[in-house]
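For reference, the structure discussed in these notes is given below.
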Amino acid sequence: MTTAPQALTTRTLAARRHRFAASLIDGLICFIAVSPVYPLLEDVEVSDESVLISYLNPYAGNPNWPVEVAITVLLAAYFWVQHALWGQTLGKRLCRLKVVSSATGEPPSLRHAGIRALIYPVMTSVPYIGMLLNLVDMLWIFGDSKRRCLHDVIAKTVVVDLSGSNRKGLGGSGFLFSLGIVIALFAALVLISVLVAL
151 MTTAPQALTT
161 RTLAARRHRF
171 AASLIDGLIC
181 FIAVSPVYPL
191 LEDVEVSDES
201 VLISYLNPYA
211 GNPNWPVEVA
221 ITVLLAAYFW
231 VQHALWGQTL
241 GKRLCRLKVV
251 SSATGEPPSL
261 RHAGIRALIY
271 PVMTSVPYIG
281 MLLNLVDMLW
291 IFGDSKRRCL
301 HDVIAKTVVV
311 DLSGSNRKGL
321 GGSGFLFSLG
331 IVIALFAALV
341 LISVLVAL
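Take 151 as the starting number for the sequence shown in the numbering used here and just add one per residue.
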């Protein structure tokens, strides 16, 4: 027996702070996953571009750009596959959030999940204005009535709260649990960094 998708009008939109916590958890997971690669690249001669130019145009004069593109593709796949299959990444699961199609209320299609996953790396790779575009993407959530970032608008998705109205402010169990996970991941990151430095 299958149940009909829950209408978006009866679902609670995800709070911005919960989306931020989920994003932070996923960011830490991705950072921990790719951090072992970067020490292997230290011996390669780096360009003599200024730090500002390297930050604004990350691929200019960077001999490691193929590796960085491969890492970006793998990280985009992390979000693409999980959103297409379940509508949730690990961070969203821990924060009890789910990405759904704004039209159907179901997890986004493979196509829409792919569009959503590619927006960040595509925006970041635009020379000189990539970081500004990402800032616009993130700040879009404050002007949109459905609390969507620009990548949600483009991909026709919305993020909903699976715990409904059970959360009570910052003291809600989902937030405290997410905060505990973030602290644990940060401690693991520090430990890994110390071990790599030895």
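Here a beta-carbon is modelled for each residue, glycine too, at the ideal position from N, C-alpha and C. The structure displayed is predicted, hence computed values, not measured ones.
CA-CA distance, residue i and residue j?
| i | j | result |
| --- | --- | --- |
| Arg-169 | Pro-213 | 35 Å |
| Tyr-228 | Ala-267 | 8 Å |
| Tyr-188 | Glu-218 | 10 Å |
| Cys-180 | Ala-234 | 18 Å |
| Gly-264 | Gly-293 | 24 Å |
| Leu-244 | Ala-164 | 13 Å |
| Ser-313 | Glu-256 | 16 Å |
| Ala-220 | Ser-275 | 13 Å |
| Ser-185 | Leu-225 | 12 Å |
| Ala-253 | Leu-289 | 23 Å |
| Leu-282 | Arg-297 | 20 Å |
| Trp-230 | Pro-216 | 21 Å |
Only counting the same chain, and skipping five residues up and downstream in sequence, which positions put a Cβ closer than 6 Å to that of residue i?
| i | result |
| --- | --- |
| Thr-222 | Pro-271 |
| Asp-176 | Thr-239, Gly-241 |
| Ala-183 | none |
Can you tell me which of the three DSSP states residue i falls into?
| i | result |
| --- | --- |
| Ser-173 | helix |
| Val-276 | coil |
| Ala-164 | coil |
| Leu-289 | helix |
| Thr-116 | Residue 116 lies beyond the stretch modelled for the chain, which goes from 151 to 348, so this question has no answer here. |
| Lys-248 | strand |
| Asp-302 | helix |
| Val-184 | helix |
| Thr-152 | The pLDDT assigned to Thr-152 is 44, lower than 50, so where the model puts this residue is not dependable, and the model offers no usable value. |
Closer than 7 Å by C-beta to residue i: which residues in its own chain qualify, once you throw out the five before and the five after it? Chain order, please.
| i | result |
| --- | --- |
| His-262 | Ser-251, Ala-305, Lys-306, Thr-307 |
| Asn-284 | Tyr-270, Met-273, Thr-274 |
| Gln-232 | Gln-238, Thr-239 |
| Ser-295 | none |
Are residue i and residue j close, meaning C-beta to C-beta below 8 Å?
| i | j | result |
| --- | --- | --- |
| Val-249 | Val-309 | yes |
| Ile-247 | Ala-172 | The identity of residue 247 in the sequence shown is Leu, whereas the question assumes Ile. Taking 8 Å as the Cβ cut-off, Leu-247 and Ala-172 qualify as a contacting pair. |
| Pro-258 | Gly-280 | no |
| Arg-167 | Ile-291 | no |
At a cut-off of 7 Å, is residue i close to the ligand NAP when judged by its beta-carbon and the heavy atoms of the ligand?
| i | result |
| --- | --- |
| Ile-291 | Only the bare structure without any ligand can be found here, which leaves the ligand NAP out of the picture. |
Note down, in chain order, each residue of its chain lying with its Cβ closer than 8 Å to the Cβ of residue i, except the 5 sequence neighbours on either side.
| i | result |
| --- | --- |
| Ile-269 | Asp-287, Leu-300, His-301, Ile-304, Ala-305 |
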